[in-house]
Structure formats: structure tokens, C-alpha cells
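In this note's numbering, the protein residues as written are 33 to 952.
What follows is a set of notes on a single structure, which appears directly below.
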Amino acid sequence: MFAQEDDSAEKVEKIEVTGSRIKRTDIETSSPVLAIDAQAIRSTGFTRVEDVMNSMPQIEAAETAFNANGATGVATLDLRGLGANRTLVLVNGRRLQPGGIYSQAPDVNQIPTALIKRVDVLTGGASTAYGADAVAGVVNFVMDTDFTGLEIQAGAGGYQHDNDNDYIQGLMDDAGYDYPSGGSGLGGESYNLSITAGGDIDGGRGHVTAYATWRRNNEMLQGERDYSSCALNTDSTACGGSSTAVLPNIYFTPNVYDEAGDLSFDDEVFWSLGEDGLFTPYDGSNLYNYAPINHFMRPNERFTLGAFAEYEVNDNATVYLETSFMHDRTAGQIAESGTFYAEIYELSYDNEAGLFSDDQIDQLLGEFGDINSDTFTAQIGKRNVEGGARADQLEHNSFRIVTGVEGYLNDEWSYDLSYMYASTSSSSAYINDLDISQIGPRIGAIGTTCTDDCLYYNVFQPNGVTSEQAAQLSGTAILTGVTSLIVYSGYVSGEFDFTLPSAETPVAASFGFERRETDYERTADTIYQEGSLAGQGGPTNSLVGNYEVNDIFAEFSVPVLEGVAAIDMLALDLGFRTSDYSTSGRKNTYKIGLDWSINDDWKVRAGFNRAIRAPNVSELFAIQSVGLWQGADGCAGAEPSFTADQCAQMGVSASQYGSVNDNPASQYNEFTGGNPDLVPEEADTLTIGLVGNPFEGFDFSIDYWDIEMEKVIGDVGAQRILQICADTGTFCDNVIRGGSGTIWRSEDEFVTNLSDNIGGRKWRGVDVDATYSVDVGEGSVLVNLVGSYNLEKEYQPLLADPSQNYDCSGMVSVDCFAQPKWRHNASVNYTLDDFTVIGRWRYFGEVDIEGGGQIASYSFFDVTGNYSVTENIAVSLGVNNILDKEPPMVGSTLATNANTVAGFYDTLGRYIFTNVTLSF
């Protein structure tokens, strides 16, 4: 009887730790794992999972609610800045499916914040344990599946800011732009409600936990903050804007052709329409301030519900079930559409449509009359303020079910067999963009007619366009899609009945298999596929693809030495996985770990992992097409940054040099797409760490990590292609310029930037996690520091050409995210009876700006108070960024949204929140 009770206790004590399938009693392994508990999550006041996780020093902002132009509608995590597709996201140790029509990475929106028990963040490759994609590491959300009772949480929050930025207000005064000033009041309000219930069934043989949550976030526009009410220019010295303006700017050219049969731009003029109805040469002042109407933070409404259940069939078998459902709606609003110089229209001096005034025709004839042509061409930059803002209405519905059976084969070996089906259906309805195909007939273009209900687009007269005219040009494009992931998995874990002669603890192991089937289908309507909408920058194509992978894996924990001087336990962790992909064949991964427990207080750990990331459906099968990239053309403007000889290599003639028109919004065309011949990326990751408890109440860990990748799937980058061409003369054939020398005025001019296995990465850094607890009077104090220091962040665009390598550690540029070398979160918790107060300091080190300048170091301070009013009622109140510090302002080419690195630094000012919890 006593022996049976001891065996039962041993089974309960052994748990599966993130990064390993072997169940063990010690949560510290050879792989460094940072754990964030539920209290720390709730103290942030955030209800969006990405906001909680992006506050961690190890994570860079990826897709967030602060993305507007090009928003995917999902929230993704980017561990170490290696990319969201190289961060494996798990729930209870199992994968999430791809996020939707725009995202191959998992959408963490579907994770209910209220039910998170803890989050484990594992650094370094974990492909042997979980398969592909765990290159940077793993983020594992461990849910509270054992919850008992009933809990109702309700909360609200909002942002407040004092608009007193004298610098940018001065710039807007110079530009004549409006902006807010003084206190803003609360904006971007959030509301959340969650209900969780759980309890035992059938006398304790089973347990069920169920939840339902609702969350709503209101929108915030860039015009609600002074520091985002205009779009700064590249070097942040002036308010910029778009030459697609309310009163149009127009390129006029006589309709003559050169010897090659191409339209000649030798006599082209660029004119602005004035309030008096006459054209004047464009002087750079006729710009539209597109910033205020853009979303700074998107609105969002989300519902989730789900359940976790388990039932002990007998002593050796427990069946379990996990289900979850999410419905999420958001919209990314950006400035009104426009004609964006998208088409070249051939027009006649006869002016049969009557859209030009006689004085305007006289101006054109005066400019081009001596040229032998009866017609002329026009490229128009007219802002559609009469039609309202553009918006991408995004909807996601996610469903996930896991079912399986686990239990014990005998006293030493356990098993787990499971099946998972997860699917996301999503849609995009892009509204209020101008349909290019409808413009020609409505401006009297030669070869077109405007009859019946057709209204002419009175674009050549000041304020001549009506809302009715604009409505006839408006187009709506629709995308729908379904992604699915099916996983069959099984493994056994246990201990052998033998030990090495030098140890007492048996050798432990895990063996298993896994099959994953990924399907991705995105259907674009004709409007999207033909690229008919002026503001899209090119077509959006349908995408269909799938792949399967079959894995076999094994893992061993081998105690080598035990119970001798300075070695309480020395163990080797070994792992191997072989994966057979339907698209790229077989790949192997492996790991070697060292776990050295010196004594109860000190541990040394080290690990080497070979990890892989398989190409996803988009990288393999996406149709090649033209889209937009943000940056700068070194051959454009009156004073190009590249020399005439450099620009000649990429298609700029001597006569064009110094007169190539720049894009005022810093947006240019690139030609991108998939590659079915891609092979998996490979990464070698090394971690070496020390874990210590030098005195009572204080423990820490410090870990060095090194990640080196090759066969990186990606593109060189359009901006870098221009630079490489200028520096070395290679890749110049990738630059396809139009007749006027630009790479943005039509879809026939672009930088070719296709994907391949051509690059590498080398990241190195140090993580620190330290905690000190002590009793103070009748209360207790807990101090915690989590920090990360980046030693190296080297991009290798071309492994064959090391001269192109560049280090982004502590650097921001077009190619580098603004991750500082050192970043930390420090917190102090004081608890006295039913009251807890938490102070937090979030620090971002300085970041150098490529080419000169620096983002200074930033400190944000938060405070949260929690009070248990009764046994059943608890309230909390908090303020994040209590000093209302603004985010750093960067130029148009470096900003992710609204002149800043949105979603990384505190973006909207002070955040005030409250929460009430009822527990029964």
C-alpha cells in the first residue's frame, strides 16, 4: 500500500517542461526558459496578448494593433527579431495554425489572456522537440486547465496624453497644418469581460474548465496626437505630405515617341492646379497631409470561447479535449485614395469632354504647340477627399480542437496520443479605393466613352469634383481564405531500468512521431487580381498551396556523474528528429545539452541545437507581382545621393540625372513572389548559462546565446539592391526604370526582389533574469529584473558576398528594426495582507540612426495597485507610462506607423486601466 502511494506521488510530481518531451521533477533544464506568471500579466493592464509579450526585452514588435497601412488584422510574436515565422507559438505544448489570408504566422489574438497560467519563453532552437520553425525559440502559453470555481473579470482602460510637443507643432505651423494641443482626455478606450468556470466531474475522475471572453478596443487616429498629425520627411526636419493632393498635380507630356517606340518624356512638365484654375510649375508646396485620418490604433472587437476537459477512464488512460473558438473584427483605415499617377491618359486639345478651360488649353498649347502632335498625355495626382478614407475591413474566425489520450504503460513509462485540427477562415473587404479602370472614360481619355449615367470626373477644375462623381470611381475588393493545420502526434516518455556506473539516476528518454498537414487557400476577386484599385500598389493574387511533413524523434537525458565533489548531478540531454517534407525532402535536426548541478544552489547549463524552418505556403507558391516598399531612391531628386555613373548603371540617363522625380510618400515599386524550389533554412544555436541561488531570497540566471543561420529564405531587399548596384555594379539588372527614370509612377517600373535561399543571420546576446524576495515588516517585497543585451545582430543578405553584411545591433535603418543593445524590465512588488502595489521600470537603451543621429534611451514607469475587498471581490487600478512620455519620432523611411516605431515603444501616451474580479 505504501509503495503504491509513493509511486502515485512520483507520477504527479513529474511534469513536462517547455523544450523537452521528457517528464521530470526539475523545471530547470539545459535550455534556458523564462516564465511569466498570471500576476505579472494582469499587472500590465493589457488585454491584448501581443501588448503583454511585446513588453518583454526578448521580443520585437511584429504585427500589432498599431499597424494601419498594410495591416493583416492578426497579432504575431517576433522573438529576437528573427521574424515571426521563426518563432514557434504553442498552447499547452501544441502548435497554433497560420493566422489568416495575410499571415503564415500564428495569430495570438485567439489566446484568452484571462486564462493564461504562465508563458514560457525558450531561447534557441527547439526543432528536435517540436519540429520546424523553432529557430529563435518557443513561446508556450500554458493555460489554467485545472481552474476550479467561477471567476468573472471586467475591465476598462484608455489612453491620455498632453499634446505639447513644441518641435513638431512648429513644423506644422510652418506647413499650415492643423493639430491638437493640450490634454487629450481618454481615447482608444478598451473594454473587456471574461467568464471562467471549472470543476471536477464524476467524483474527481474528470475536470472541466470553460471560458468565454469579449474585448473591444476603440480606434485612435493619428490626428489625435500632435506628434503624429503630419508625416515627417526622411530626416524629421519638416512635415511632408503627398503630391497626390486635393488640387491635383499633373505630369503633362506631348504624345510623341522616341526611336525605340516608347513615349518620350523629354518635354514633360509637372504642373499644379491653382485655385484660379490655371496650372503653375510644381514647386513642392502643393502637398496633402495624409496623416491625420490614418489609424494610429485600429478598432477591434473579439469574442472567444472554449473548454479544457479530461477524464480518467482507468488508472492507465485519461482522455482529454481542448477546444477554442475566436471571432475577431478590425479595420485598418488610411488616408483617402487618389489617382496616384497610376495611368497615363491620352487626351486631345479639342477638349470634347469640356473638362479643361480655354485658358488651360492655351497653356498646354503654349507649352507643346510647336511639337508635332495633336494630343498630349496626363498622369494625375488627385486626392479623393470627396470619397472618404480607405479602409480594409478584416475578419477572422478561428477554431481549434485537440483530443487525445494519455496515461501510463507501467510505473516508469507514460504515453500521449493526440489529434489536432485547427482552422482559420478570414476575409478582407477593401473599400473606398479608386478603381483605375473607371477613370479614363470620366476624364475624356481618347478611345473611351462616358454615356448614360456616367458622370465626368471634373478633376481639372478647382474643387470641381463632387461626391457623386467620386462615388462612381469607388471600388471594393474582396479576399477570402481558409487555413488549416492537422497534427497527428504520439510519444512515450519514461526511464530505463539502468544507470551509468557513475550515476544513480536512471537514463530517461522519449520517443515519438508526428505528422503535420498544412493547407492554405486565399481567393482574390477580379478587382484584387487585376490590381484595379489605385492605392494598392499592384495586384493581390490568389494563393493556394499545401504540404505535409512526417517526423520521427527521440530524446535522451543521461545522468553521467552524480554525488561527487562539486557535482551534485551532471547530465547530458540528447535529441534527434528526422523530418520528411513533401516539398523539399528529408531534413534532420539534433541537440546536445549539458546540465551540471553543482549543488542545490548552483547550476551550469549549455546546449547546442540544429534547427530548421521549412518554407511556408506563401514563400513557395505566391504568384509574382508588383507591390510597394518604403525607402528612398538614391537617383531621385535634384541632388541625388548616388553619382551620375552609379545611376547610369541602373537606367538613369545623363539628361535625367538630377531631375528624376522622387516619391513624396517614399513609396516605390518592387516585384516579389514565391519560389517552389526553396529548401528549409538551417540554424545552429548555442546557449551557455549559469543559474544561482547565492543567498536566501535571491536567485538569478544569466545565459549567453548565439544563433547562426544559413540558407535563409528571403529577398535581398529593394533598398539594398539599389545600394549594391551603386557600390558594386551587381544586381543592376534588377532595377527597371520607367521612361522618366522613376521606379514608382507605373507598375511597369520596379525593383525585382524575389525570394531565394541566399542569406544568413548571426545573432548573439546575453539574457539576465534575477529575483529577490524579502519580508519587510508585516509585508513582503519581491524585486525582479529581466534584461537582454544584444552583442551582434548581423544580417548576411548574400552569403556569397560578405562585403554586404551589416550589423543591426543598436542600430535603426531601412533594413534594421530599432532594437537597442540593452533593454530591461524591472519591477518591485510590495504585498501586505490583501493589498499589493507593483512598480515597473521599462528601459530601452539608445539606438543609433544609420547616417547620423540617435534615438536616446527611454524609460517608462508603471504602477499598479491590487486590493482584495472581500474573499470574493478584488479590484485593481493602474497607470502605464505614468509620466506620459512620447515615443521617439523618426523620419518617414524608418517609421512603422505615425512617425514612430509603433507598438514597440509606448505609442499613445499614458495608459490608465482598472479591473474588477469576482471569484466564487
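By construction, the Cβ of each residue, glycine as well, lies at the ideal position given by its N, Cα and C atoms.
Classify residue i as helix, strand or coil using the three-state DSSP reduction.
i      : result
Ala35  : Bear in mind that a pLDDT of 37 at Ala35, under 50, signals an unreliable position, so the model cannot answer this.
Met921 : coil
Glu527 : strand
Leu754 : helix
Thr483 : coil
Asp69  : strand
Ile393 : helix
Leu656 : It is worth fixing the name first, because residue 656 is Gln in this sequence and not Leu. Coil at Gln656, not helix or strand.
Leu120 : strand
Ile775 : coil
Trp336 : Note that residue 336 is Thr in the sequence shown, not Trp. DSSP places Thr336 in strand when its eight states are reduced to three.
Ala100 : coil
Glu95  : coil
Glu810 : coil
Thr760 : helix
Asn641 : strand
Glu368 : strand
Thr160 : helix
Ala541 : strand
Gln504 : helix
Ser75  : helix
Leu147 : helix
Met88  : coil
Ser40  : Here the model assigns Ser40 a pLDDT of 38, short of 50, so the residue's position is not dependable, and the following value carries that caveat. It is helical.
Cα separation between residue i and residue j?
i      : j      : result
Gly306 : Pro494 : 7 Å
Lys619 : Met741 : 15 Å
Gly420 : Leu950 : 44 Å
Leu814 : Phe78  : 21 Å
Val65  : Glu344 : 31 Å
Gln504 : Gly131 : 35 Å
Gly231 : Arg237 : 11 Å
Thr285 : Glu368 : 27 Å
Ala94  : Asn931 : 17 Å
Val288 : Phe653 : 41 Å
Ser135 : Ala509 : 18 Å
Tyr899 : Gln192 : 24 Å
Ala137 : Gly659 : 21 Å
Ser317 : Asn913 : 38 Å
Val933 : Ser274 : 21 Å
Glu553 : Ile468 : 27 Å
Ala502 : Asn490 : 10 Å
Phe893 : Leu940 : 14 Å
Asn857 : Gln568 : 40 Å
Does the separation of the CB atoms of residue i and residue j fall below 8 Å?
i      : j      : result
Tyr373 : Thr409 : no
Ser460 : Asn429 : no
Arg118 : Arg645 : yes
Asn641 : Ala158 : yes
Thr160 : Phe585 : yes
Gly819 : Ala758 : no
Thr245 : Asp176 : no
Leu575 : Val649 : yes
Thr350 : Glu438 : yes
Asn197 : Asp294 : no
Ser389 : Gly496 : no
Gln254 : Ala207 : no
Tyr320 : Thr371 : no
Give a yes or no on whether the minimum CB-CB distance between residue i and chain C is below 8 Å.
i      : result
Gly219 : This model lacks chain C altogether; it includes just one protein chain.
Query - Given 8 Å, three or more beta-carbon pairs between the region 408-417 and the region 516-523 - result: no
Query raised in the report: If you scan the region 235-317 from start to end, which runs of the beta strand (DSSP E) of 3 or more residues do you find wholly inside it?
Result: 238-249, 281-286, 301-305 and 311-313
Query - Sequence ranges, beta strand (DSSP E) only - wholly within the region 181-217, length at least 3 - result: 181-192
Report task. Ignoring anything shorter than 4 residues or poking outside the region 824-903, list the alpha helix (DSSP H) runs there in chain order. Result -> none
Query - Start-end ranges of the beta strand (DSSP E) lying completely within the region 682-713, minimum 3 residues - result: 699-704
Query raised in the report: Quick one: complete beta strand (DSSP E) runs, 3+ long, within the region 379-450?
Result: 407-413 and 421-440
Query raised in the report: How about the region 820-840 and the region 851-858: do they share at least three Cβ pairs that are nearer than 8 Å?
Result: yes
Query - Touch test, the region 524-541 against the region 560-579, Cβ-Cβ under 8 Å, three pairs minimum - result: no
**Report entry** Three or more C-beta pairs below 8 Å linking the region 176-188 and the region 731-741
**Finding:** Result no; under three Cβ-Cβ pairs closer than 8 Å.
**Report entry** Stretch pair the region 606-613 + the region 685-699: three plus CB contacts closer than 8 Å
**Finding:** no
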